[in-house]
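Chain order of the listed sequences is A and B. When you line the first sequence up against the numbering used here, it's residues 1 to 345, in that order. When you line the second sequence up against the numbering used here, it's residues 346 to 690, in that order. Even glycine gets a Cβ: it sits at the ideal position worked out from N, Cα and C. Read through the structure below, which is laid out as structure tokens, and then see the notes.
Protein chains: 2
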Amino acid sequence: MTRIQKVAELAGVSTATVSRALAGKPSVSPATRERVERAARDLGYVVSATASSLASGRNRNVGIVMPFLNRWFFTTAMAGAHRVLTDAGYDVTLYHCEPNRLDDPDGADNPRRSRLFADSLLRKRTDGLIMVTLSLTAAERTSLHGIGKPVIALDRPQEGITALAVDNLAIAHTAMSHLLELGHTRIGFVGGIVPYDLDFHVPLLRRQGYEASLVDAGLEIDPLLMCDAEFTVDGGYDAASQILGAGEPPTALFAASDELAIGAHAAIRDRGLRIPEDVSLIGIDGNPLAEVFGITTIDQHPDAQGAAAARELLKELEPTSPHAAAAVRLPFELVERRSTARARD
Amino acid sequence: MTRIQKVAELAGVSTATVSRALAGKPSVSPATRERVERAARDLGYVVSATASSLASGRNRNVGIVMPFLNRWFFTTAMAGAHRVLTDAGYDVTLYHCEPNRLDDPDGADNPRRSRLFADSLLRKRTDGLIMVTLSLTAAERTSLHGIGKPVIALDRPQEGITALAVDNLAIAHTAMSHLLELGHTRIGFVGGIVPYDLDFHVPLLRRQGYEASLVDAGLEIDPLLMCDAEFTVDGGYDAASQILGAGEPPTALFAASDELAIGAHAAIRDRGLRIPEDVSLIGIDGNPLAEVFGITTIDQHPDAQGAAAARELLKELEPTSPHAAAAVRLPFELVERRSTARARD
DNA sequence: CGCTACGCTGTAAGCGCTTACAAATGAAGC
DNA sequence: GCTTCATTTGTAAGCGCTTACAGCGTAGCG
């Protein structure tokens with residue numbers, strides 16, 4: 001006897017009615033619903049997710065796919081999505097998509113990733129997917145389309161996939177404007193000349209914004225003022241050190257993320273320079289760490305980004321609910337702290 | 346016609362054989378297996394996880410339950426577990442368990458958490474659970490036992506639950522020994538006089554280790570040298586500031602985590618003190634951030650802890666595989682960097 | 001040569017739910 | 001009173017797999 005039958009028996013109704021009552025369907029009389037709920041509670045009955053999925057075709061489970069499982073930006077966005085999804089009654093299963101390296105753009109040598117797209121994601125465990133900052137190969141996109149389920153890409157527009165992305169060019173522009181308005185003309189850029197890997201184009205966009213702002217301001221682009229960096233504190237330290245040690249030093253540093261900025265902060269101090277007296281410093285993200293160091297930043301609210309992506313997915317998953325038709329905007333804003341100041345004359 | 350039937354037809358066998366072949370069962374002749382695999386590949390067939398779960402009773406999915414979804418220690422441990430589990434063919438679904446606050450120890454006012462234990466976790470979506478640093482109420486433990494599935498607790502021993510935990514007393518002792526051997530006698534403690542919340546007892550254990558070390562060394566415990574802190578960089582900054590500002594300042598600070606230590610690092614510098622000349626500083630965790638600041642730490646390899654928990658769970662999930670009978674040890678070690686030095690006379 | 005043993009495959013009964021459809025009930029309208 | 005219709009409930013057919021059991025062919029053995 002299946003478990004639902006026991007509940008049906010106790011409540012004196014059919015299993016169909018139990019199913020309907022527990023699913024909150026409208027076509028159940030209040031009295032019956034009450035009896036069923038009591039019976040379920042008394043028996044400690046909870047609907048089996050698998051049986052329900054198989055019968056209904058809906059999993060109440062969404063997948064979140066991320067290239068990094070323990071970096072602040074990613075986990076914070078994930079947490080934002082997670083909250084929205086669980087509040088809507090969904091579970092979330094987390095998939096790790098290893099980035100494809102530049103020397104292996106098709107992921108031929110990336111077995112875990114291959115399995116992800118050829119297997120795990122196709123198992124019909126989820127009703128939809130949120131992919132964070134990933135760049136998919138054509139084959140992967142095809143594979144994803146094959147499952148016929150809604151996919152939202154966060155912070156990386158993808159051909160044929162609904163995407164939510166913050167305007168990285170505008171972010172970079174905002175940061176640069178702040179520095180330029182303070183009178184800085186020698187501004188260094190920390191992070192992202194060459195993409196670290198194919199699944200993380202954000203650095204590139206931010207550098208383009210940096211260069212465009214320079215050009216707009218009539219300043220020239222000095223390669224000595226730019227340095228590649230992995231998107232970590234370490235990377236920021238090394239890149240900033242290199243910029244500060246080469247040629248005429250900058251009076252301001254624009255780091256493509258807060259983690260890079262924190263590394264740069266340490267590098268600047270370790271060279272005996274003062275912030276902001278000798279060097280102004282600005283980052284991007286809204287990482288709480290930056291606050292401790294008093295680093296000015298552009299907060300892009302990753303938590304809210306994740307939440308927005310989740311709501312967007314939910315809209316596709318539950319067409320019944322009212323569509324908030326408005327296009328989603330992912331806001332960001334300058335947060336001035338003590339790491340930026342007027343340039344010395 | 347169900348999808349598996351198409352494969353069966355194409356391969357010229359029964360669905361039973363397809364199932365067996367694709368599941369890697371031994372009782373399939375090589376030739377048949379080959380034909381089935383080809384047919385599946387040609388049709389782009391992948392077994393439906395839900396149907397398979399319902400029929401077999403195994404989900405190939407484990408749940409990881411964490412109090413914080415975006416803090417370094419937790420996500421790093423989770424990533425370690427995730428890798429082991431996905432390599433073993435499991436998916437992982439992530440559950441957020443909101444910590445119970447001190448003023449609400451039973452979680453009466455914690456609806457998300459109630460739903461987690463009364464509903465989400467009971468839906469039979471997972472084959473087992475890993476709970477990270479959580480303290481369960483009696484009711485929650487009962488509820489968990491009810492589902493009759495293996496549960497591993499990481500870093501928080503629980504009555505009636507298999508637990509893996511690093512020896513926090515020993516960790517604290519190692520850190521203190523390092524400081525004491527360098528001749529420090531006024532050592533402050535940053536973080537964890539009173540538990541931040543009921544689900545995170547680690548701070549308490551570390552403080553106990555701190556006090557025990559002091560006593561062992563014949564030193565006295567000075568309340569002015571200890572300060573509570575939330576386990577964040579911010580918290581470390583504030584707590585360290587307070588300790589440095591009260592009474593006779595310490596010559597060394599022991600922070601209960603690397604994040605706290607980084608905050609303390611900033612606080613020390615902001616007071617115009619030098620590290621390590623004026624104040625030595627040691628943290629705990631192995632957070633890569635600490636490296637950038639040259640902070641000495643006790644690395645407890647959270648990634649490895651997560652992986653160990655996952656392997657432990659896998660052992661219970663797949664009794665067929667050979668038991669590595671050895672008890673699991675979670676190692677840690679002192680990593681000396683430039684933030685600790687001999688005390689001035 | 002008959003019998004057991006073994007390896008491989010097929011048959012078919014579920015796994016625990018959901019839901020289309022049918023049926024029963026009662027209220028409302030004429 | 002009879003029809004119509006909405007509301008509530010029940011009946012039963014799956015959802016797409018897995019697996020116990022049975023069956024078949026061949027090999028080994030006395």
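Review point. For A:PHE254, which three-state DSSP category applies?
Key: strand
Review point. What's the C-alpha gap between B:CYS572 and B:VAL624?
Key: 16 Å
Review point. Taking the alpha helix (DSSP H) that A:ILE171 falls in, what are its first and last residues?
Key: 168 to 181
Check your understanding: Using Cβ-Cβ distances below 8 Å, what residues of the region 624 to 639 of chain B are close to chain A?
Key -> PRO633, LEU634, GLU636, VAL637, PHE638
Check your understanding: Between A:LYS6 and chain B, is there a C-beta pair that is closer than 9 Å?
Key -> no
Check your understanding: chain B beta carbons: is any one of them nearer than 9 Å to that of A:GLY263?
Key -> yes
Check your understanding: Can you name the residues of chain A whose CB is closer than 7 Å to the CB of B:GLY491?
Key -> GLY44
Check your understanding: Whose CA, out of A:LYS6, A:VAL62, A:GLY12, A:ASN287, lies closest to the CA of B:ARG416?
Key -> A:ASN287
Point to revise | Between the CA atoms of B:GLY369 and A:PRO67 - distance to the nearest angstrom | key: 30 Å
Check your understanding: Which of the residues in the region 428 to 447 of chain B, read from start to end, lie with their CB under 7 Å from any CB of chain A?
Key -> THR431, ASP436, VAL437, THR438, LEU439, HIS441
Check your understanding: Grouping DSSP H, G and I as helix and E and B as strand, with all else coil, what is B:LEU499?
Key -> strand
**Study point:** Minimum length 4: unbroken alpha helix (DSSP H) runs contained in the region 65 to 116 of chain A
**Key:** 72 to 87
Check your understanding: Cα-Cα, which of A:ASN100, A:ARG125, A:ILE284, A:ALA108 is closest to B:ALA396?
Key -> A:ARG125
Review point. If we call anything under 9 Å between Cβ atoms a contact, is B:ASP436 one with B:ALA385?
Key: no
Practice item. Show which residues of chain B have a CB atom less than 8 Å away from the CB atom of A:ARG125. Key: ALA394, THR395, ASN406, ASP436
Review point. Can the beta-carbon of B:LEU509 be found less than 9 Å from the beta-carbon of B:GLN350?
Key: no
Check your understanding: Is the Cβ of A:LEU69 closer than 9 Å to any Cβ of chain B?
Key -> yes
Point to revise | Buried or exposed (CB count within 10 angstroms, at least 16 for buried), A:PRO203 | key: buried
**Study point:** Residue-chain proximity (A:TYR237, chain B), Cβ-Cβ < 9 Å
**Key:** yes
Practice item. With DSSP collapsed to three states, give me the class of A:THR340. Key: coil
Check your understanding: Can you tell which of B:ILE620, B:HIS490, B:SER488, B:LEU479 has the C-alpha that lies nearest to the C-alpha of B:LEU499?
Key -> B:LEU479
Exercise for review: Using a Cβ-Cβ cut-off of 9 Å, state whether B:SER465 counts as contacting chain A.
Suggested key: yes
Review point. Counting Cβ pairs, one atom from each stretch, are 3 or more of them under 8 Å apart for the region 484 to 500 of chain B and the region 508 to 526 of chain B?
Key: yes
Check your understanding: Any beta-carbon of chain B closer than 9 Å to the one on A:SER241?
Key -> no
Practice item. Would you check if the distance between the CB atom of A:ASP103 and the CB atom of A:THR137 is smaller than 9 Å? Key: no
Exercise for review: Measure from the alpha carbon of A:ALA139 to the alpha carbon of each residue in A:ARG20, A:GLN242, A:GLU159, A:ILE130, then state which is nearest.
Suggested key: A:GLU159
Exercise for review: Give a yes or no on contact between the region 606 to 614 of chain B and the region 578 to 598 of chain B, applying the rule of three or more CB pairs nearer than 8 Å.
Suggested key: yes
Point to revise | Neighbour-count burial assignment, B:GLY533, 16 or more Cβ in a 10 Å radius | key: buried
Practice item. Note down, in chain order, each residue of its chain lying with its Cβ closer than 6 Å to the Cβ of B:ILE613, except the 5 sequence neighbours on either side. Key: ILE620, VAL624
Check your understanding: Do you know offhand how far A:PRO302's Cα is from A:ASP285's?
Key -> 8 Å
Review point. Would the beta-carbon of B:ALA433 fall within 9 Å of that of B:ALA655?
Key: yes
Practice item. Could you tell me which residues DSSP puts in a beta bridge with B:SER534? Key: Just to set this straight, residue 534 of chain B is Phe in the shown sequence, not Ser. In the DSSP output, where bridge partners are listed per residue, B:PHE534 has B:MET571, B:PHE599.
Point to revise | Cβ neighbour criterion (16 or more within 10 Å) applied to A:HIS201 | key: buried
Review point. Beta carbon of B:THR685, beta carbon of B:LEU634: below 9 Å?
Key: no
Review point. Mind checking B:ALA376: buried by the 16 CB within 10 Å criterion, or exposed?
Key: exposed
Check your understanding: So, does the CB of A:LEU260 fall closer than 9 Å to a CB anywhere in chain B?
Key -> no
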